[in-house]
Amino acid sequence: MPHIILIGVNHKTAPVELREKLAFSREETLAALKTLKQHPDIKEILIFSTCNRTEMLYVSGNQRSVDDVTAFVCAQKHIHVSEFASALYVLHRDAAVRHVFRVASSLDSMMVGEPQILGQVKEAYRTAVEAGASGVLLNRMMHKAFSIAKQVRKETGIGDNAVSISYAAVELANKIFSDLSTKSVLLLGAGEMAELAVEHLMSHNVKQVLVANRTFENAVTLAEKFRGQAMGFEERESALAGVDIIISSTGATQYVITADQVKQAMKKRQYRTLFFIDIAVPRDIDPKINTLSNAYVYDIDDLKTIVASNIQQREHETVKAERLVAQAVVKFRKWLDSLAIVPTIKAINDKMTAIVEMECDKTLAHLNHLPEQDRAAIRRMTRAIASRAIHDPILFLKNTGNHRDDALYLNVTRQLFNLDISDEQ
Amino acid sequence: MMNGLQTAGTMLQFVFLLYLVSLAGYLFYLVYQKEPVHRASIYLITAGVLVHFAAIVVMGISMGGLPVHNLVQSLSMAALAFGGMFLFVQYKFQLKMLGLFAAVILSGTMLGVMVLPDTQVVPGDILKGFWFYCHILLVFTGDAALGLACGAGILYLLQEKGIKAKTPGFFFKRLPSLDFLDLVSHACIVTGFFLLTFGLITGFVYAKAIWGRFWSWDFKEVFSLGAWLVYAVLIHLRLYSGWRGRKSAIMTIIGFAIIIFTFLGVNLFLGGHHQEFTK
Numbered sequence: 455m456p457h458i459i460l461i462g463v464n465h466k467t468a469p470v471e472l473r474e475k476l477a478f479s480r481e482e483t484l485a486a487l488k489t490l491k492q493h494p495d496i497k498e499i500l501i502f503s504t505c506n507r508t509e510m511l512y513v514s515g516n517q518r519s520v521d522d523v524t525a526f527v528c529a530q531k532h533i534h535v536s537e538f539a540s541a542l543y544v545l546h547r548d549a550a551v552r553h554v555f556r557v558a559s560s561l562d563s564m565m566v567g568e569p570q571i572l573g574q575v576k577e578a579y580r581t582a583v584e585a586g587a588s589g590v591l592l593n594r595m596m597h598k599a600f601s602i603a604k605q606v607r608k609e610t611g612i613g614d615n616a617v618s619i620s621y622a623a624v625e626l627a628n629k630i631f632s633d634l635s636t637k638s639v640l641l642l643g644a645g646e647m648a649e650l651a652v653e654h655l656m657s658h659n660v661k662q663v664l665v666a667n668r669t670f671e672n673a674v675t676l677a678e679k680f681r682g683q684a685m686g687f688e689e690r691e692s693a694l695a696g697v698d699i700i701i702s703s704t705g706a707t708q709y710v711i712t713a714d715q716v717k718q719a720m721k722k723r724q725y726r727t728l729f730f731i732d733i734a735v736p737r738d739i740d741p742k743i744n745t746l747s748n749a750y751v752y753d754i755d756d757l758k759t760i761v762a763s764n765i766q767q768r769e770h771e772t773v774k775a776e777r778l779v780a781q782a783v784v785k786f787r788k789w790l791d792s793l794a795i796v797p798t799i800k801a802i803n804d805k806m807t808a809i810v811e812m813e814c815d816k817t818l819a820h821l822n823h824l825p826e827q828d829r830a831a832i833r834r835m836t837r838a839i840a841s842r843a844i845h846d847p848i849l850f851l852k853n854t855g856n857h858r859d860d861a862l863y864l865n866v867t868r869q870l871f872n873l874d875i876s877d878e879q
Numbered sequence: 005m006m007n008g009l010q011t012a013g014t015m016l017q018f019v020f021l022l023y024l025v026s027l028a029g030y031l032f033y034l035v036y037q038k039e040p041v042h043r044a045s046i047y048l049i050t051a052g053v054l055v056h057f058a059a060i061v062v063m064g065i066s067m068g069g070l071p072v073h074n075l076v077q078s079l080s081m082a083a084l085a086f087g088g089m090f091l092f093v094q095y096k097f098q099l100k101m102l103g104l105f106a107a108v109i110l111s112g113t114m115l116g117v118m119v120l121p122d123t124q125v126v127p128g129d130i131l132k133g134f135w136f137y138c139h140i141l142l143v144f145t146g147d148a149a150l151g152l153a154c155g156a157g158i159l160y161l162l163q164e165k166g167i168k169a170k171t172p173g174f175f176f177k178r179l180p181s182l183d184f185l186d187l188v189s190h191a192c193i194v195t196g197f198f199l200l201t202f203g204l205i206t207g208f209v210y211a212k213a214i215w216g217r218f219w220s221w222d223f224k225e226v227f228s229l230g231a232w233l234v235y236a237v238l239i240h241l242r243l244y245s246g247w248r249g250r251k252s253a254i255m256t257i258i259g260f261a262i263i264i265f266t267f268l269g270v271n272l273f274l275g276g277h278h279q280e281f282t283k
């Protein structure tokens, strides 16, 4: 009976320093796959390595191979097993399958629902195929993983909502402005969250980034970082006429932008829309500005509320996704079970018996003149023909061992005899 | 001759059905956001508009002129103009949720066509001629464009309400950005205003030819001019005082309300020489 095993570390069990040490580049992966394939107990193997995880998924004849694979990783990465033993998880059978399906569906990601993971899983599978390390079981399992991931993305809203403050701000900007590449951003002050928001906006190709800071030198440094333009803090009022998105994060105790200033600026800018993102505490932007036409002000609490409701929504969707994954695991388990020798032989026997019975009934229906014992003889004969016909194939299936890949032959047999039409791809 | 009208009547019933199914499709799409349903709904409206056009051609041939002799015929013509204009705007801007508005208006108008009594018409020579056809074509398509501007305006207000109140909810994901909605609304206003302007001018020319005067203080004339002024002011304010977004959206709704009143209300409550062909 083939045994599916997954061993690895991920962002939940290992800190980034450790994950870095255990990461495999594409070339290293290819080399490792070729080496591990030679191991007598490893029939199929796939290595999955991203910045958040390093995992080895393989099919083995027994469980001793876990220590060998771990030792191999230690040798490759020049690391002692004690350094990562506590972070290592070893999953068997259904647990391993479930884990792979969850990873592909982005349920195990640091940012649940992020879409890149599926591409990375596909890449890992391609590499395994290239190295000739993937076989019947992993092929089927990975294809199931891809289809379940697509289904999760399609049928649940798991990747729909922004779940960080800066993403929520960008999402809002995208619902206010139709084309961010024609819009200018003004950053007032500095701060991690504000800078992150500017970076996200820059990835949407905003036209221009202006930076104002009470300390002009800081403004220049930040402007260089964002390939933007530095300006004096006192120029902010006149800048309101030209920019479209203002991200504010200063340490000021009073409003740095007042409603009157915006009212004046609005006239100059023909009431084109202004969007204020106020990340400062205490607030920088007068909340009264939100009551002006075509001006929108979101402060940190507003953004937090949106993020919280998005997270809640996402958790709701996660439950749905987990259910889809659980169903897929059960289905895969059924297929795997059918790949055993005894059920396959039984299925062939059942199929032949059914064919023989049906054909006998059809023929004997027209031969009513025959006496009863002749009819019984004909039945016996047809059964004997059938069992003689499948005798050699069954003998071949029973003759296991010899280091051959049983899963491969069983899979071919089931396809030749068309034994599981219901769950074919 | 009756045969042609009967055929057209059956075709219009089929058109009504197509618009209704499309409306159901759009409602489903509104809730579940399934793209194939959206596409199917557009195809249904397109099929509806094509059959509708054919029906009106059949009617026109059997009547020997544009079928705008009574209220039912005028409503049907208005629906066709609206459907055609919607397909144009949809093709140009791909504003998905505008289809829901269009399906509501089309189904509603066709419901009127189905249930209102189709009064007997006496074909006269008065409703013919180049200027009359231009007048009808321009006014109906212009009104349709202004109706779509109102639709985009309503969508703008829905989206704006959520963003302003800081509670992005049901519509936040389903509607595009405020800028885009405003752009579509404005494009429809300018198109509609342009068509309406020439529609009114051709109307004056036609009136001069028939009644010997450009302007006769007919109620429909007065309200049409009122609606035209609303849009003229709106375009002016947008250019010179930055009336965009919310204010503009509200104005499109007011303007379209005046247009609907001009179309229906004047005939029902007031009177005038337009009465003759929209009984």
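Just so you know, the protein sequences line up as chains E and B, in that order. Under my numbering, think of the first position of the first sequence as 455, with each following residue one higher. Under my numbering, think of the first position of the second sequence as 5, with each following residue one higher. Backbone N, C-alpha and C define an ideal beta-carbon position, used for all residues, glycine too.
Going by CA-CA distance only, name the one from the options that's closest to residue i.
i, options, result
"HIS597(E)", "LEU873(E), VAL761(E), GLU689(E), ALA782(E)", "ALA782(E)"
"ALA644(E)", "ILE733(E), VAL660(E), ASP698(E), LYS788(E)", "ILE733(E)"
"PRO494(E)", "ILE501(E), ALA648(E), SER519(E)", "SER519(E)"
"ALA608(E)", "ALA107(B), LEU31(B), GLU39(B)", "Just to set this straight, residue 608(E) is Lys in the shown sequence, not Ala. If we check each option's Cα against that of LYS608(E), GLU39(B) comes out closest."
"ASP828(E)", "GLU625(E), VAL674(E), CYS814(E), SER841(E)", "CYS814(E)"
"LEU545(E)", "GLN517(E), GLU691(E), ALA684(E)", "GLN517(E)"
"ILE571(E)", "ILE619(E), ALA719(E), GLY613(E)", "GLY613(E)"
"LEU626(E)", "MET647(E), LYS852(E), LEU655(E), LYS722(E)", "LEU655(E)"
"ALA666(E)", "ASN659(E), ALA648(E), LYS742(E), ILE760(E)", "ALA648(E)"
"VAL25(B)", "ASN74(B), LYS251(B), SER45(B)", "SER45(B)"
"PHE86(B)", "THR145(B), GLY203(B), VAL41(B), PHE97(B)", "THR145(B)"
"TYR621(E)", "SER747(E), ALA599(E), THR467(E), HIS658(E)", "HIS658(E)"
"VAL523(E)", "GLN492(E), ALA677(E), ARG768(E), GLU771(E)", "GLN492(E)"
"GLY69(B)", "ILE49(B), LEU110(B), PHE134(B), GLY112(B)", "PHE134(B)"
"SER479(E)", "PHE502(E), LYS788(E), SER747(E), LEU664(E)", "PHE502(E)"
"LEU31(B)", "VAL72(B), ALA51(B), SER111(B), VAL53(B)", "SER111(B)"
Note down the Cα distance separating residue i from residue j, rounded to an integer number of angstroms.
i, j, result
"GLU474(E)", "CYS505(E)", "7 Å"
"LEU22(B)", "THR14(B)", "13 Å"
"LYS283(B)", "LEU120(B)", "Note that LYS283(B) scores a pLDDT of 40, beneath 50, so its modelled location is shaky and nothing firm can be said."
"TYR36(B)", "ASN628(E)", "22 Å"
"ALA83(B)", "MET114(B)", "7 Å"
"GLN879(E)", "ARG178(B)", "Residue confidence for GLN879(E) is low, a pLDDT of 39 falling below 50, so the modelled location carries little weight; the figure read from the coordinates is stated next. Cα to Cα, GLN879(E) sits roughly 34 Å from ARG178(B)."
"THR712(E)", "ASP633(E)", "27 Å"
"PHE90(B)", "ALA106(B)", "7 Å"
"LEU484(E)", "THR581(E)", "7 Å"
"MET67(B)", "LEU238(B)", "40 Å"
"SER540(E)", "HIS553(E)", "19 Å"
"ARG248(B)", "LEU161(B)", "12 Å"
"GLN605(E)", "PRO569(E)", "13 Å"
"MET5(B)", "VAL62(B)", "Model confidence at MET5(B) stands at a pLDDT of 47, short of 50, so the residue's coordinates are unreliable; what they give is reported in the following sentence. Approximately 10 Å, taken between the alpha carbons."
"TYR244(B)", "ALA59(B)", "45 Å"
"HIS465(E)", "MET564(E)", "7 Å"
"ILE731(E)", "VAL710(E)", "13 Å"
"GLY190(B)", "SER181(B)", "Gly is not the amino acid found at residue 190(B); the sequence shown has His there. Using only the alpha carbons, I get a separation of about 14 Å."
"GLY151(B)", "PHE260(B)", "6 Å"
"ILE140(B)", "SER638(E)", "46 Å"
"ASN164(B)", "ARG250(B)", "In the sequence under discussion, the amino acid at residue 164(B) is Glu, which differs from the Asn named in the question. Looking at the two C-alpha atoms, the distance is approximately 8 Å."
"ARG556(E)", "ALA775(E)", "9 Å"
Would you list the residues sitting across from residue i in a DSSP beta bridge?
i, result
"TYR750(E)", "PHE729(E)"
"MET685(E)", "ALA666(E)"
"TYR512(E)", "ILE459(E), ILE499(E)"
"SER703(E)", "GLY643(E)"
Would you mind stating whether residue i and residue j have Cβ atoms separated by less than 8 Å?
i, j, result
"PHE208(B)", "PHE223(B)", "no"
"PHE871(E)", "LYS805(E)", "yes"
"ILE263(B)", "ASP147(B)", "yes"
"VAL513(E)", "LYS488(E)", "no"
"LEU490(E)", "LEU500(E)", "no"
"VAL55(B)", "VAL19(B)", "yes"
"SER228(B)", "LEU204(B)", "yes"
"ASN799(E)", "ILE848(E)", "According to the sequence displayed, residue 799(E) carries Ile and not Asn. It is a contact, given that the beta carbons lie within the stated cut-off."
"ILE699(E)", "LEU642(E)", "no"
"PHE538(E)", "LEU476(E)", "yes"
Point to revise | Length-filtered (3 minimum) beta strand (DSSP E) runs lying within the stretch 753-798 of chain E | key: Listed in chain order, nothing qualifies, since the stretch 753-798 of chain E has no complete beta strand (DSSP E) run of 3 or more residues.
Review point. Which ranges would you report for the alpha helix (DSSP H) in the stretch 94-127 of chain B if only whole runs of at least 4 residues count?
Key: 102-119
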